[in-house]
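Q: Residue numbers (the working numbering): 1 to 89.
For glycine and all other residues, C-beta sits at the position ideal for the given N, C-alpha and C.
Here you go:
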């Protein structure tokens, strides 16, 4: 089932009932699919798809935990905002 963002907003309960009944809802914006809403019980099926994408080199599965990531060290007391702007170039 496909639905535009405005229609989804206006009739959210209707579409959530459809999802609960097992149907997937594709959300479109100006005719392009931007999201998909599925039942939470469908999540396990997507794990296999992610493994396939990783084998094809199209995705990388996370392996660490968030606490394994340390803080970013700034060099020369530069502002983080300046570093972000530089990185965008």
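Looking at residue 28: is its Cβ nearer than 7 Å to the Cβ of residue 2?
A: Yes; because the gap between Cβ atoms is below 7 Å, this pair is in contact.
Q: Beta carbon of residue 19, beta carbon of residue 39: below 7 Å?
A: In this structure, residue 39 lies closer than 7 Å to residue 19 by Cβ.
Q: What number of angstroms, rounded off, separates the C-alpha of residue 72 from the C-alpha of residue 8?
A: Near 40 Å, if we compare the C-alpha coordinates of residue 8 and residue 72.
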